[in-house]
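Undergrad: Chains as they are written, first to last, in our numbering: chain D, 21 to 640; chain U, 545 to 1062.
C-beta: ideal position from N, C-alpha, C; glycine also.
Here it is: the structure, laid out below.
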Amino acid sequence: MQTLITRPQNEQVFIEQDGYEDHFHEHHEEDKYRSSFITKYIFSMDHKVIAKQFLITGMFWAIIGAAMSLIFRLQLGFPAEDISFLEPFLGKWITVNAEGTGKLSSEFYYAMVTMHGTILVFFVLTAGLSGTFSNLLIPLQLGARDMASPLLNMLSYWFFFLSGAVMFSSLFLSTGPFSGGWTAYPPLSALPQASTGSGAGMTLWLVSLALFVVSVLLGGINYVTTVLNLRTKGMSMWRMPLTIWAFFVTAMIGLLSFPVLLSGFLLLMFDRGMGTSFYLSEIFIGGQALDHVGGSPLLYQHLFWFLGHPEVYIIILPAMGIVSEVLSVNSRKPIFGYKAMVYSILAIAFLSFIVWAHHMFMSGVNPFISNFFVIFTLIIAVPSAVKVFNWISTLYKGRVRFTSANLFAIGFVSMFISGGLTGIWLGNSAIDIRMHDTYFVVAHFHIVMGVAAFFGMYAGVYHWFPKMFGRFMNETMGKIHFWGTIISAYAIFWPMHYLGMAGVPRRYYSFETFDFTNQFGAMNAFITIGAFVSFSFQMLMVINFFWSIYKGKKMTTRNPYNANTLEWTTPIEGIHGNWPGKIPTVHRWAYDYGKFGEDSIPQYIPVSDAEREADKAMVH
Amino acid sequence: MTILIVLICLAMLAIIVVQISRVRELSAAIRGEDQAARRRTDRNGVGFLAFLIAFLVLTIGSALYYRDSIIGYGPWDSASEHGGLIDSMINQTLFFTGIVFVATHIALFYFAYKYRETARKKAAYISHDNKLEIIWTAIPTVVMTYLVVGGLDTWNQVTADVPEFINEQPAQIGVNYNEIEATGYQFAWDIRYPGADHLLGTKNFRLISSSNSLGQDWEDTKNHDDFIASEIVLPVNVPVRVRITSKDVLHDFYMPHFTVKMDAVPGMPTYFVFTPIITTDSMRNRLRNEPAYQVPYDETDPEAGMRWELFNFELACAELCGTGHFSMKKIVRIVEQAEYDDWRKEQQSTYLASVRNTDEDPFKGRPVQVELDLQRRTLVSNLTNAVSAVDSADLVVRLDNVTFETASAALLPVSSFELENVVGVLQQNPTMMFEIVAHTDNVGDSGTNRILSQSRAQAVADYLRKKGIPASRISNVRGYGDSKPVGDNLTEEGRAQNRRTELVVVPARPIGATTQEL
């Protein structure tokens, strides 16, 4: 049989011959951006540096957010235990009684719960995940020199940084950070009389998240523009890797939904500061009747969840994209059903905008309205199921490499199944009467968009670490990290299903008031221990990350995984502009693994006439 | 100190792990990457297989272990009628999702194990299969349609308002169903019951004060018989419509055992209709057989009772409302109808107990229906007692609401309410004989008082005659003046007690004789 695939002797030379000339390097000296230390590492406009900035900032917030969960898990798991050793860190938030037993104050408990949610959802799983990998991969995998607007891209990071700085400063207020839950429902969030955290803490929370929305919009408009306009020659939409599809659709969801959140926040600011009554009506608090009449707290909930629900897809879609790519590369097989995957991403994105009120079945909205939201919510299970079946089929008859990245990708699928299936319970309004605002919900969303999204993020970090730092992360530590995390994560969140089914409400500082909540002491202690164990495994990952930046095994070839996508054609030491000469031209989709017996056929390799014939023969 | 040691240990552990990992990477490089990689692959492949087995055993095993703690299972059969519908929906969903959970996990982890990288194996080139895609799009669609239809059917049944309420026919309230009101505030619930009219009075948040915790509008007479209960007491098997409101922030009216949950929204009353189907006592009997409930409720005080004996249904809050969110507890007691009726009788209207004739009362000094009703009930009950009295003290019925102008024998207009009631009872007992007597306090001249009291008694007797009571039934009309005080004339209270008009029943038979003796 004649060789169908002709591989060039030298990849670099071939790209110089076949590639696309964009005259990028002609008009400049060596460095187009004339980088100084500050413009190279701090106010950098290079998408690869910005990606690292997003990642490391995200890690910082992940550690803070996770540490907060440990503090409140201590209260839930060991309510009688003396925690006065935390007094040096937490000060007055630890109340020490006459016997010298220190307890977490309930104000600070609620502040920690609130900050944990806000930080993890927005700073870690939105900015840290989508911000990192959209920035890193969109230009590299599309064959672009950089984002459409490197300046806006830089601003996107710095608005995120500023947003984080404001939120961080709120932790040190004497009245404490905001404590009314990450959803910040008014009137609790609108009235400083209702909660100490609703004073200055809430003001800073709103300012921080308004800045965050700016960051997301600057990033999102850039991602969408780049994907639409800066694809290299030959990179049609249907040849894009699923990572890019995921980032592209994620950015569009963000662009459409975050402004609605911002408008919701603005109205809340007006109610707080200017005496308007968008969300407030007929309130008697702190010994007096307020002037507000005519508003509705439900309006805020509609505006919030109009973002809030798409937000969970903003979190999970990039993880799905990363997992699709990592699974395919490491199974040495094309992703199964590429077009079905794209269509299901689009279907999920579309449906994500018409299901928001499933968070509000028990909020007092007209029960008739809920009918529509039940229908569309349960329909989301269909494209989600299609994706799961496709991932599993990708492994089928593959040659599965157990890199740490791929372990996490497989773990992601497990988490997505476990957490996704309980979504079918909660999306059904009848069942939601029982489960709403119980630990069942906590279990559901932590597994499906917390742990699963983290698994996707870890898969991405382990997989593209060499692209970012020119070195590999330590695989042994990676595997310990994986097995420790999947076991401890299930140990934490699986038992919470039972708590929820027994009726235990979420956001309870203490389970001792009620008989129906006060029967699971052992389980709560177990969960808390699980949280500490899990946290130590994550710290191992952090150690591995920073240790590997300096001491990891060096990358010696450009394409260590024999992957097809374009990012592996760039030099090991990343340069601003990505390719030293021409940009590679794309001739095929990203998933020619195992085709015609070839282990991999990178996207820049032309399709010969013989291959075209063979393709036709294969179809018929 | 312990924590410091723990931290140091953790740090040491981290260092050890890092060192081992480095060594392993190095040794892998020495032994040859391929061989090391293959061993690692095998280990992880087997790891996935072992994880799969352990995972399925532990998830299913733990579900069975906790089964009897879950609402809808074991002793926790739903305590409300609609709860059963939801249990059935949950079981159907559990059936489908359970199958998918097990099947996909087996496929995922088994494939990971089976197709792990080996020296020989090559990956197959399978890019897509449209037939498969259609199959696994169609099957979830069918299952989801089934669940949506079942779910919506259940949902619309459960959330439907009571028909009478939709048609605005409140006449059925108290007959086919009860309505109560729950008001959430930081950090407790107030439970308001309608009185005899079965209608809740209107509220206005601007009227809330320390003496009017719900802002009841006292102009609205429907409020006059409403009472606030310290716990929720409901009759079994009668639908209840809970009107749910909030004074300050969002709360959620949550009764886990009954599968009742609905936000309390300031400015927008919500509702939930449910029917309790098991009494607290029956529930306790059911729990009696549960080993977990055969232990003392309070370890430190074993005498107090066993857990099953002290079991109570509970009302909680399920919407974050501030620092005390976790403590908004109310006991819920489900009782038989008779016990419920008795309990209601013991409850006192908030208006009459603490508002009537204070400055807040818009009806101060004027008669109000609820008070007149109460007076009538009291009078009727006293007169009925007097008819069948076994104690001579019971023969005397004080007409508290028959009043005169000072130093005058002219009846005040309000007296007619009481006297009409008297006429009613007298007509129902046509053979009953009675006296009318009047007394004064000791203010003024004793002789004048006697004359005054005589004319007052006469005024009452005249009134009754005018209303058709035969004069022959009134055996005597007497004024005693200040000669028979019942209170201390030195105090205003005592003097008020002494100023009185009485109806004294003349017994048809000697006091103390029983029916049998006659």
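Could you check which residue in D/Tyr613, D/Asn598, D/Val247 has the C-alpha nearest to that of D/Asp42?
TA: Taking the first sequence and counting its residues from 1, the one referred to as residue 42 of chain D is at position 22. With distances taken between Cα atoms, D/Asp42 lies closest to D/Asn598.
Undergrad: Could you spell out the range, first to last residue, of the beta strand (DSSP E) harbouring U/Pro779?
TA: Locating residue 779 of chain U in the second sequence gives position 235, counting from the first residue. Looking at the DSSP string, the run of the beta strand (DSSP E) that includes U/Pro779 is 776–779.
Undergrad: Buried or exposed: where does D/Met294 fall if 16 or more other Cβ atoms within 10 Å of its Cβ makes it buried?
TA: Translated into the one-based positions of the first sequence, residue 294 of chain D becomes position 274. So D/Met294 ends up on the exposed side.
Undergrad: Going along the region 652–678 of chain U in order, which residues come within less than 7 Å of chain D, judged by CB to CB distance?
TA: Against chain D - using a Cβ distance shorter than 7 Å - the residues of the region 652–678 of chain U are Leu652, Phe655, Ala656, Tyr659, Arg660, Glu661, Lys665, Lys666, Ala667, Ala668, Tyr669, Ile670, Ser671, His672, Glu677.
Undergrad: Using three-state DSSP, classify U/Gln1041 as helix, strand or coil.
TA: Translated into positions along the second sequence, residue 1041 of chain U becomes position 497. Helix.
Undergrad: Just to confirm my understanding: we take D/Glu495, look at its own chain, exclude 5 residues before and 5 after, and list those with CB closer than 8 Å. What are they?
TA: One-based indexing of the first sequence puts residue 495 of chain D at position 475. Excluding residues within five positions, the ones whose Cβ falls inside 8 Å are Thr423, Ser424.
Undergrad: Write down every uninterrupted run of the alpha helix (DSSP H) in the region 434–513 of chain D whose length is 4 residues or greater and which is fully enclosed by it, in chain order.
TA: Counting whole runs of 4 or more residues, the region 434–513 of chain D contains the alpha helix (DSSP H) stretches 449–455, 459–465, 472–489.
Undergrad: Mark U/Tyr657 as exposed unless 16 or more other C-beta atoms lie within 10 angstroms of its C-beta, in which case mark it buried.
TA: Translated into positions along the second sequence, residue 657 of chain U becomes position 113. Buried, because 16 or more other Cβ atoms sit within 10 Å of the Cβ of U/Tyr657.
Undergrad: Helix, strand or coil, according to DSSP, for U/Trp733 in the structure here?
TA: Here residue 733 of chain U is taken as the residue at index 189 of the second sequence, counted from 1. Strand, per DSSP.
Undergrad: Report yes or no: do the region 53–70 of chain D and the region 174–182 of chain D share at least 3 C-beta pairs separated by less than 8 Å?
TA: Enough Cβ pairs lie closer than 8 Å, so yes.
Undergrad: Could you pull out every residue in the same chain whose Cβ sits closer than 6 Å to the Cβ of U/Ser1027, ignoring the five residues on either side in sequence?
TA: By one-based count along the second sequence, residue 1027 of chain U stands at place 483. None.
Undergrad: State whether the region 976–987 of chain U contacts the region 1014–1024 of chain U, with contact taken as three or more CB pairs (one from each stretch) at a distance under 8 Å.
TA: With the cut-off at 8 Å, the region 976–987 of chain U and the region 1014–1024 of chain U touch.
Undergrad: Which whole-angstrom value describes the C-beta separation of D/Ile444 and D/Ala401, a residue pair presumed to lie in contact below a C-beta threshold of 8 Å?
TA: Residue 444 of chain D sits at position 424 when you count from the first residue of the first sequence. Residue 401 of chain D sits at position 381 when you count from the first residue of the first sequence. Rounded, the Cβ-Cβ distance is 5 Å, consistent with contact.
Undergrad: Hey, how far is the Cα of U/Thr1071 from the Cα of D/Lys615?
TA: The question about residue 1071 of chain U has no answer, for chain U in this structure spans 545 to 1062.
Undergrad: So what does U/Phe816 bridge to, in DSSP terms?
TA: Your numbering for residue 816 of chain U matches position 272 in the second sequence. Note: U/Phe816 sits in a beta bridge opposite U/Val786.
Undergrad: When DSSP labels each residue in this structure, what does D/Phe565 get in the three-state scheme?
TA: One-based indexing of the first sequence puts residue 565 of chain D at position 545. Three-state DSSP puts D/Phe565 in a helix.
Undergrad: To the nearest whole angstrom, what separates the beta carbons of D/Glu36 and D/Lys487, a pair I think is in contact under 8 Å?
TA: Here residue 36 of chain D is taken as the residue at index 16 of the first sequence, counted from 1. Here residue 487 of chain D is taken as the residue at index 467 of the first sequence, counted from 1. The pair is not a contact, with the Cβ atoms about 21 Å apart (cut-off 8 Å).
Undergrad: Does U/Arg940 come out as helix, strand or coil in the three-state DSSP assignment?
TA: As a working note, residue 940 of chain U is residue 396 in the second sequence. Contrary to the premise, residue 940 of chain U reads as Val rather than Arg in this sequence. U/Val940: strand per DSSP, three-state reduction.
Undergrad: Within the same chain, show all residues whose beta-carbon is closer than 7 Å to that of D/Tyr1, passing over the 5 residues directly before and after it, in chain order.
TA: Limits of chain D in this structure are 21 at one end and 640 at the other, which puts residue 1 of chain D out of reach.
Undergrad: With DSSP as the reference, label D/Gly78 as helix, strand or coil.
TA: Position 58 of the first sequence, counted from the start, is the residue given in the question as residue 78 of chain D. In the structure shown, D/Gly78 sits in a helix (DSSP, three-state: H, G or I).
Undergrad: Just checking: is the beta-carbon of U/Cys553 within a distance shorter than 8 Å of some beta-carbon in chain D?
TA: The sequence position of residue 553 of chain U within the second sequence is 9, counting from 1. No, U/Cys553 lies away from the interface with chain D (no Cβ there is under 8 Å from its Cβ).
Undergrad: Between the C-alpha atoms of D/Leu347 and D/Ala271, what's the straight-line distance to the nearest angstrom?
TA: Here residue 347 of chain D is taken as the residue at index 327 of the first sequence, counted from 1. Here residue 271 of chain D is taken as the residue at index 251 of the first sequence, counted from 1. The alpha-carbon atoms of D/Leu347 and D/Ala271 are separated by roughly 23 Å.
Undergrad: Does the beta carbon of U/Ser774 come closer than 8 Å to any beta carbon on chain D?
TA: Stepping through the second sequence from its first residue, residue 774 of chain U is reached at position 230. Not closer than 8 Å to any Cβ of chain D, the Cβ of U/Ser774 fails to qualify, so no.
Undergrad: What in chain D is Cβ-close to U/Glu569, meaning under 8 Å?
TA: Here residue 569 of chain U refers to the residue found at position 25 when the second sequence is read from its first residue. By Cβ distance, chain D contributes Asn494, Glu495, Thr496, Lys573.
Undergrad: Name the residues in the region 744–755 of chain U whose C-beta lies less than 7 Å from a C-beta of chain D; which are they?
TA: Taking 7 Å as the Cβ-Cβ cut-off against chain D, the residues of the region 744–755 of chain U that qualify are Phe749, Arg750, Ile752.
Undergrad: Ignore the nearest five residues each way along the sequence and tell me which others in U/Ala1005's own chain have a CB closer than 6 Å to its CB.
TA: Counting from one through the second sequence, the residue named residue 1005 of chain U turns up at place 461. Counting only Cβ-Cβ distances below 6 Å, and skipping sequence neighbours, we find Ile980, Ile1018, Val1021.
Undergrad: Between the alpha carbons of U/Trp852 and D/Met521, how many angstroms are there, rounded?
TA: Residue numbering aside, residue 852 of chain U sits at position 308 when the second sequence is read from its first letter. Residue numbering aside, residue 521 of chain D sits at position 501 when the first sequence is read from its first letter. Their Cα atoms are separated by approximately 21 Å.
Undergrad: With three or more C-beta pairs closer than 8 Å as the rule, is the region 352–366 of chain D touching the region 773–786 of chain U?
TA: Touching, no.
Undergrad: Quick one: what's U/Ile878 bridged to in DSSP?
TA: Looking up residue 878 of chain U in the second sequence gives position 334. U/Ile878 is bridged to U/Leu778.
Undergrad: Run down chain C in chain order and give the residues with a C-beta less than 8 Å from the C-beta of D/Ser301.
TA: Going by chain labels, chain C is absent from the structure shown, which instead holds the protein chains D and U.
Undergrad: Mapping DSSP to helix, strand and coil, what is D/Thr23?
TA: Position 3 of the first sequence, counted from the start, is the residue given in the question as residue 23 of chain D. In the structure shown, D/Thr23 sits in coil (DSSP, three-state: anything other than H, G, I, E or B).
Undergrad: U/Arg830 CB to nearest chain D CB: under 8 Å?
TA: Here residue 830 of chain U refers to the residue found at position 286 of the second sequence. With 8 Å as the cut-off, U/Arg830 does not count as an interface residue toward chain D.
Undergrad: Chain U partners of D/Ile569, CB-CB under 7 Å?
TA: Reading the first sequence from its first residue, position 549 is the one you call residue 569 of chain D. Going along chain U, no residue has its Cβ under 7 Å from D/Ile569, so there is no contact; the nearest lies around 14 Å.
Undergrad: Suppose you measure from the CA of U/Asp938 to the CA of U/Asn781; what does that come to, to the nearest Å?
TA: Taking the first residue of the second sequence as 1, we reach residue 938 of chain U at position 394. Taking the first residue of the second sequence as 1, we reach residue 781 of chain U at position 237. Rounded to the nearest angstrom, the two C-alpha atoms are 40 Å apart.
Undergrad: Taking only runs of the alpha helix (DSSP H) that begin and end inside the region 74–155 of chain D, which ones reach a length of at least 4 residues, in chain order?
TA: Runs of the alpha helix (DSSP H) inside the region 74–155 of chain D: 107–110, 126–138.
Undergrad: Measure the CB-CB distance between D/Tyr478 and D/Phe428 and report whether it falls below 8 Å.
TA: Taking the first sequence and counting its residues from 1, one reaches residue 478 of chain D at position 458. Taking the first sequence and counting its residues from 1, one reaches residue 428 of chain D at position 408. Yes, they are a contact pair.
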